[in-house]
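K.L.:
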Amino acid sequence: MGSTTKALVGVGGTVRGKLAGLRLRRPAHLLKLDRRREELDLRLASRGRRHGSGDPRRHCLEPRPLSSSSTTPATTSSKSEAGAAADGPSSSQPFARIEVPHPVLALGKFNALHLGHKELLYQASRFGSPCLLTFSGMAAVLQWEPLPPLTAERDRARVYADWQADMHGGARPFEITVPFRQVRHLQPEDFVKVMVFEMGAKGMVCGENYRFGYRACGDADLLRELGQKHGATVKVVDLVTTTTEEGEEEEEQGAAAISSSKIRSLIAEGRLGGVSTMLGRKYRLLADVRGGGAAARDGDGGAVSLRKDSFLNMVPGPGTYRVGLPSTDAEAILRVGEGQETVALETGGGDEADLLLGDAAAEGLLAIDFL
15 MGSTTKALVG
25 VGGTVRGKLA
35 GLRLRRPAHL
45 LKLDRRREEL
55 DLRLASRGRR
65 HGSGDPRRHC
75 LEPRPLSSSS
85 TTPATTSSKS
95 EAGAAADGPS
105 SSQPFARIEV
115 PHPVLALGKF
125 NALHLGHKEL
135 LYQASRFGSP
145 CLLTFSGMAA
155 VLQWEPLPPL
165 TAERDRARVY
175 ADWQADMHGG
185 ARPFEITVPF
195 RQVRHLQPED
205 FVKVMVFEMG
215 AKGMVCGENY
225 RFGYRACGDA
235 DLLRELGQKH
245 GATVKVVDLV
255 TTTTEEGEEE
265 EEQGAAAISS
275 SKIRSLIAEG
285 RLGGVSTMLG
295 RKYRLLADVR
305 GGGAAARDGD
315 GGAVSLRKDS
325 FLNMVPGPGT
335 YRVGLPSTDA
345 EAILRVGEGQ
355 ETVALETGGG
365 DEADLLLGDA
375 AAEGLLAIDF
385 L
């Protein structure tokens, strides 16, 4: 309901201001919507009683209400806010209106950009513009131990461009970022209201194991019900399956899931074949070589030394790996030692190493694909 209408019409169609005291007959379609909402409220209350509480969101402790000023559209939030560590809600700040036609939000945690995330975006593309909703600053707000990304921030656009060909009608995927501190304390229904009425989402897509709201007290079933209540289409996607290195089919659930945490474990163990299977592409390391000493020739041969702290995403565990170098279209060997500050990249010779370093210096980045 728009702000002008909200100022004039109250519950049951009572008009305020100059027409105070008069009653308007509520249109039939609004009465039907009222009945749907009442039925949903009864179902939610019934669900809560089955779990021993009159409120199905009983695990949402200390909820913070939405500020009335948060209905004002705003520009899209910048990822530069990722370092903000404020622990309180910022619902007084407006949320950005999504400026694409008929936006449909893919919901989840999108660190690795794996095949499960691609499926969510594909399903979103079937009935609108596919938009992946991410949150900045989550680790800082929750005081988690900082972990390197699985897909480098500067590599995400490449992944989305590759995925576009597989979207319905070739739809272009978009990434929408909201500061986590703005949504941390929102109840599940308040979060849905933000997406629908403030951000302008026409629908949402999630996996069947999706959790949302304060302290993750909402689930996919509740999202479906709240979407129906507030006029947004909700698609719950079945869990994806993959094949392990041993050839056994695993269901995307628990420890066997195609998940960012599973992929992180495989990278740490040096099992890059399993990582590539779950990503649907080769795992790519990206190094920022603009700083002095980030990359250098190691002797007169074809070896290049790279500082570990120059990499923008997670370096695999100790081991020897066959890799590809996209900038020179050549193969090389990457050696990662235990507890060492550098890794060794062994190219085909001195000339090839010089060419690689020259291209990296020009671009400021060095890409390494695990074969």
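Add 14 to a position in the sequence shown, counting from 1, and you land on the number used in the numbering used here. Glycine is no exception: its CB is placed at the ideal position from the N, C-alpha and C atoms. Remember, predicted model here, so these are calculated numbers, not experimental data.
1) To the nearest angstrom, report how far apart D312 and I281 are at their CA atoms.
2) Would you call the region 296 to 303 and the region 161 to 176 touching, i.e. three or more CB-CB distances under 8 Å?
3) Grab the span of the alpha helix (DSSP H) containing A175 for me, first residue to last.
4) Going by DSSP in three states, I277 sits in which element: helix, strand or coil?
5) Is the beta carbon of C220 less than 8 Å from the beta carbon of L237?
6) F384 to G287, Cα distance in whole Å?
7) Whole angstroms is fine: what's the gap from L371's alpha carbon to D323's?
8) Would you mind stating whether A358 and V303 have Cβ atoms separated by less than 8 Å?
9) In the DSSP assignment, the alpha helix (DSSP H) including K243 goes from what residue to what residue?
10) S126 and L146: beta carbons closer than 8 Å?
11) Nearest CA to the CA of E167: which residue from T361, M328, S341 and T334?
12) Can you find the residues in the same chain that come closer than 6 Å, C-beta to C-beta, to A100, ignoring five residues on each side of it along the sequence?
13) Using the Cα positions of L156 and E377, report the straight-line distance between them to the nearest angstrom.
14) Assuming the contact rule is C-beta atoms closer than 8 Å, P193 and S150 should be a hit. Round their C-beta distance to whole Å, please.
15) Restricting to Cα atoms, I'd like to know which of L135, A346 and E360 is closest to A185.
16) Using a Cβ-Cβ distance under 8 Å, would E239 count as near chain C?
17) Helix, strand or coil for V208, going by three-state DSSP, please let me know.
18) Just the Cα atoms here: how many angstroms apart are T291 and W177?
19) Taking the beta strand (DSSP E) that K249 falls in, what are its first and last residues?
20) Rounded to a whole number of angstroms, what is the C-alpha to C-alpha distance between A234 and G338?
21) Cutting at 7 Å between CB atoms, please list the residues of its own chain near A381, excluding the five before and the five after it.
22) In whole angstroms, what is the alpha-carbon distance linking A317 and V254?
23) Helix, strand or coil, according to DSSP, for S143 in the structure here?
24) Check F124 in the structure and name its three-state DSSP category.
25) What beta strand (DSSP E) runs, 3 residues minimum, are completely inside the region 180 to 206?
26) Check each candidate in K132, P108 and G241 and name the one with the smallest Cα separation from G294.
27) Indicate the three-state DSSP secondary structure (helix, strand or coil) for Y335 in the structure shown.
28) Roughly how many whole angstroms lie between the Cα atoms of L161 and G351?
29) Just mark G227 as buried or exposed, buried being the case when its beta carbon has 16 or more other beta carbons within 10 Å.
30) Apply the 10 Å Cβ neighbour rule to D204 and answer buried if 16 or more other Cβ atoms are within range, or exposed otherwise.
31) Tell me the DSSP bridge mates of S319?
32) Determine the direct distance from the alpha carbon of A110 to that of T148, and round the result to whole angstroms.
33) Determine whether the beta carbon atoms of E283 and G353 lie at a separation below 8 Å.
34) Going along the chain, which residues of its own chain have a beta-carbon closer than 7 Å to the beta-carbon of D252, five neighbours each way excluded?
35) Is it the case that the Cβ atoms of G130 and I277 are separated by a distance below 8 Å?
36) Where does the unbroken beta strand (DSSP E) through A346 begin, and where does it stop?
P.N.:
The answer reads as follows:
1) 26 Å
2) yes
3) R170 to Q178
4) helix
5) yes
6) 8 Å
7) 17 Å
8) no
9) A234 to K243
10) Checking the sequence, you will find Ala at residue 126 rather than Ser. No, the Cβ-Cβ distance between A126 and L146 is not below 8 Å.
11) M328
12) Low confidence applies here, because A100 scores a pLDDT of 36, under 50, leaving its location unreliable; read the following figure in that light. For A100, where only same-chain residues beyond five positions count, the Cβ hits under 6 Å are R195.
13) 35 Å
14) Between S150 and P193 the Cβ distance is about 5 Å, and since that is below 8 Å, they are a contact.
15) L135
16) Any reference to chain C falls outside this structure, which holds one protein chain only.
17) helix
18) 15 Å
19) T247 to V251
20) 40 Å
21) Within the same chain, Cβ atoms closer than 7 Å to the Cβ of A381 are found at R298, L300, P340 and S341, the five residues on either side in sequence being excluded.
22) 41 Å
23) strand
24) coil
25) 188 to 193
26) K132
27) strand
28) 19 Å
29) buried
30) By the neighbour-count criterion, in which a residue is buried when 16 or more other Cβ atoms sit within 10 angstroms of its Cβ, D204 is buried.
31) A310 and A358
32) 13 Å
33) no
34) E222
35) no
36) A344 to V350
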